[in-house]
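For the sequence shown, our numbering assigns the number 86 to the last residue and increments by one with no breaks. Just so it is clear, CB atoms sit at the ideal spot from N, CA and C, and this is done for glycine as well.
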Amino acid sequence: MLEERYEDIKKDNDILGKCTTELKNKVSKIINKENLKKHNDRGAGRKSILPKEQLMQVETLHKQGLSYSKTEKEVGLASPMFTN
Numbered sequence: 003m004l005e006e007r008y009e010d011i012k013k014d015n016d017i018l019g020k021c022t023t024e025l026k027n028k029v030s031k032i033i034n035k036e037n038l039k040k041h042n043d044r045g046a047g048r049k050s051i052l053p054k055e056q057l058m059q060v061e062t063l064h065k066q067g068l069s070y071s072k073t074e075k076e077v078g079l080a081s082p083m084f085t086n
C-alpha cells in the first residue's frame with residue numbers, strides 16, 4: 003500500500019515537473035514578445051536597448067529624484083545609455 007502511494011506521488015511529481023517546465027517556457031516566450039514589441043504600428047522610432055525591467059528601474063529611480071548620473075551608477079549602466 004505504501005509502495006503504491008509512493009509510485010502515485012512519484013508520477014504526480016513528474017507531471018508537476020513537466021507542467022512547471024512548460025509554464026516557464028510559455029512565460030519566457032511572452033516576456034520575449036513584450037521586449038520585441040514595436041513602439042507604433044509602423045515600427046518607427048528608436049528602439050530601447052535596455053530590457054524592460056531595467057528601464058522600469060531607471061524610471062523609478064529618476065522619479066524618486068536621483069540624477070541620471072546617480073541612477074546610472076545605481077543600475078550599473080554607462081553614460082551613453084542615457085543619452086540615446
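query: Using DSSP with H/G/I as helix, E/B as strand and the rest coil, what is I51?; result: coil
query: In this structure, does DSSP put Q66 in helix, strand or coil?; result: coil
query: CB-CB under 6 Å to N34, same chain, minus the five flanking residues each way: which ones, in chain order?; result: none
query: Straight-line CA distance for K31 to L79?; result: 26 Å
query: Measure the C-alpha to C-alpha separation of E9 and L18 and round it to an integer number of angstroms.; result: 14 Å
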